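Q:
Numbering (full-length UniProt numbering), first residue to last: 1 to 317.
(1) Determine the direct distance from the alpha carbon of residue 236 to that of residue 61, and round the result to whole angstroms.
(2) If you check the beta carbons only, do residue 131 and residue 13 fall under 8 Å apart?
(3) Looking at the secondary structure, which residues open and close the beta strand (DSSP E) in which residue 233 lies?
(4) Would you give the residue range spanned by the alpha helix (DSSP H) that residue 33 belongs to?
(5) Mind checking residue 23: buried by the 16 CB within 10 Å criterion, or exposed?
(6) Report the partner residues of residue 117 according to the DSSP bridge assignment.
(7) Which residues does DSSP pair with residue 186 in a beta bridge?
(8) Going by the CB atoms, is the gap between residue 284 and residue 190 shorter than 8 Å?
(9) Could you give the residue range of the alpha helix (DSSP H) that holds residue 174?
(10) Where does residue 77 fall in DSSP's three states?
(11) For the candidate residues 255, 201, 177, whose alpha-carbon lies nearest to that of residue 54?
(12) Considering only their Cβ atoms, is the gap separating residue 274 from residue 193 smaller than 8 Å?
(13) Thinking C-alpha only, which one of 44, 281, 63 is nearest residue 25?
(14) Just to confirm, does residue 230 get its C-beta within under 7 Å of one of the non-hydrogen atoms of the ligand NAD?
(15) Quick check: the Cα distance between residue 69 and residue 33, rounded to an integer number of angstroms?
(16) How many angstroms separate the CA atom of residue 154 from the CA atom of residue 135?
(17) Would you mind stating whether residue 261 and residue 222 have Cβ atoms separated by less than 8 Å?
(18) Check each candidate in 101, 15, 203 and name the one with the smallest Cα separation from residue 252.
(19) What number of angstroms, rounded off, separates the C-alpha of residue 137 from the C-alpha of residue 107?
(20) What does the alpha-carbon distance come out to for the pair residue 49 and residue 80?
(21) Nearest CA to the CA of residue 282: which residue from 185, 232, 271, 206?
(22) Provide the residue span of the beta strand (DSSP E) that contains residue 220, from first to last.
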């Protein structure tokens with residue numbers, strides 16, 4: 001029997017904006033709002049309407065909220081479309097595919113009340129502008145962004161509005177959304193754990209899927225002690241149902257006594273580990289491993305699409 005206990009967490013609210021040019025199969029502008037890495041809102045330049053991505057968001061916020069956010073997103077869309085043209089000029093670019101991205105938001109610790117704000121811009125996959133919370137200033141590694149950096153850093157009223165948003169307004173919205181979606185966002189889902197191996201000479205993959213939240217650890221133990229040699233840990237990836245998956249591989253000689261090894265999964269919010277003893281008879285091979293790789297590729301694409309959104313509020317370069 002596994003006991004569930006209460007843990008303190010750092011919760012997050014993030015907004016991702018993406019403007020693109022030269023991509024015919026992708027909307028020119030997309031926004032995604034996320035709480036604890038769960039999408040809560042979506043807008044793009046094709047549908048031109050802000051929509052809820054969680055039932056609890058649709059149930060708690062009325063039509064006025066969504067109409068208001070739609071108008072805000074339409075305004076930001078125009079700003080970003082103008083911005084991408086300006087940046088292309090600064091790089092002396094005309095045609096081709098180009099992407100402006102922004103991610104902004106905050107992390108809030110529900111025990112210490114500590115708030116960490118962030119605001120980052122990217123262009124064509126590289127850092128373009130970043131806000132420093134401690135100094136309340138922007139900095140850039142790109143000469144093409146110096147004009148914008150100086151403009152924003154000389155606008156004290158703008159910087160103070162940003163500082164107030166990240167320190168006061170953003171964490172209040174985090175708390176509000178957590179209250180709205182408590183049954184979903186504060187839940188714990190345990191994973192199913194299985195062993196996969198492509199061939200007898202391939203690493204053994206311990207694969208956990210279906211867990212929530214995404215604050216988890218997984219590792220290999222031998223004779224009760226954690227091991228690191230021959231171990232390769234994968235990143236936590238999202239499933240399409242709001243849960244997560246991860247894997248950790250172990251290179252193990254066939255001459256080894258496999259019964260000495262076990263895979264250990266730990267999930268925040270759960271008291272105790274999920275220990276799975278390595279058993280040759282329970283290893284899925286060939287097709288099972290291929291399935292894992294296919295799933296990993298699919299979810300990696302989803303993850304990359306989310307990270308593609310690395311991007312701000314309604315401020316023009």
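Think of the CB as a built atom: it goes at the ideal place given N, C-alpha and C, for glycine as much as any other residue. If you're wondering where the values come from, they're calculated on a predicted model, not measured in any experiment.
A: In short, the structure shows the following:
(1) Here residue 61 is taken as the residue at index 61 of the chain shown, counted from 1. Here residue 236 is taken as the residue at index 236 of the chain shown, counted from 1. Roughly 31 Å separates the two Cα atoms.
(2) Residue 131 sits at position 131 when you count from the first residue of the chain shown. Residue 13 sits at position 13 when you count from the first residue of the chain shown. Contact: no.
(3) Position 233 of the chain shown, counted from the first residue, corresponds to residue 233. 231 to 233 is the extent of the beta strand (DSSP E) around residue 233.
(4) Along the chain shown, read from residue 1 onward, the residue named residue 33 stands at position 33. Premise fails: residue 33 lies in the beta strand (DSSP E), 29 to 35, not in any alpha helix (DSSP H).
(5) Residue mapping note: residue 23 aligns to position 23 of the chain shown, counting from 1. So residue 23 ends up on the exposed side.
(6) Mapped onto the chain shown, residue 117 falls at position 117. DSSP lists 106 as partners of residue 117.
(7) Numbered from its first residue, the chain shown carries residue 186 at position 186. Partner(s): none; residue 186 has no beta bridge.
(8) To locate residue 190, count along the chain shown from 1; it is residue 190. To locate residue 284, count along the chain shown from 1; it is residue 284. Not closer than 8 Å, so no.
(9) Here the question's residue 174 lines up with position 174 in the chain shown. It spans 170 to 180 - the alpha helix (DSSP H) in which residue 174 sits, taken as one unbroken run.
(10) Position 77 of the chain shown, counted from the first residue, corresponds to residue 77. Helix.
(11) Here residue 54 refers to the residue found at position 54 when the chain shown is read from its first residue. It is 177 whose Cα lies nearest to the Cα of residue 54.
(12) Position 193 of the chain shown, counting from 1, holds the residue named residue 193. Position 274 of the chain shown, counting from 1, holds the residue named residue 274. Going by C-beta atoms, residue 193 is nearer than 8 Å to residue 274.
(13) As a working note, residue 25 is residue 25 in the chain shown. If we check each option's Cα against that of residue 25, 44 comes out closest.
(14) Because no ligand of any kind appears in the structure shown, any question about the ligand NAD cannot be addressed here.
(15) Position 69 of the chain shown, counted from the first residue, corresponds to residue 69. Position 33 of the chain shown, counted from the first residue, corresponds to residue 33. Each residue's alpha carbon lies about 11 Å from the other.
(16) To locate residue 154, count along the chain shown from 1; it is residue 154. To locate residue 135, count along the chain shown from 1; it is residue 135. The alpha-carbon atoms of residue 154 and residue 135 are separated by roughly 13 Å.
(17) Here residue 261 corresponds to residue number 261 of the chain shown, with the count starting at 1. Here residue 222 corresponds to residue number 222 of the chain shown, with the count starting at 1. Cβ distance < 8 Å, so residue 261 and residue 222 count as in contact.
(18) Here residue 252 refers to the residue found at position 252 when the chain shown is read from its first residue. The shortest Cα separation from residue 252 among 101, 15, 203 belongs to 203.
(19) To locate residue 137, count along the chain shown from 1; it is residue 137. To locate residue 107, count along the chain shown from 1; it is residue 107. Computed Cα separation, rounded: 19 Å.
(20) In the chain shown, residue 49 corresponds to position 49, counting from 1. In the chain shown, residue 80 corresponds to position 80, counting from 1. Cα-Cα distance, rounded: 17 Å.
(21) Mapped onto the chain shown, residue 282 falls at position 282. Of the candidates 185, 232, 271, 206, the one whose C-alpha sits nearest the C-alpha of residue 282 is 206.
(22) Taking the first residue of the chain shown as 1, we reach residue 220 at position 220. Unbroken beta strand (DSSP E) run through residue 220: 216 to 222.
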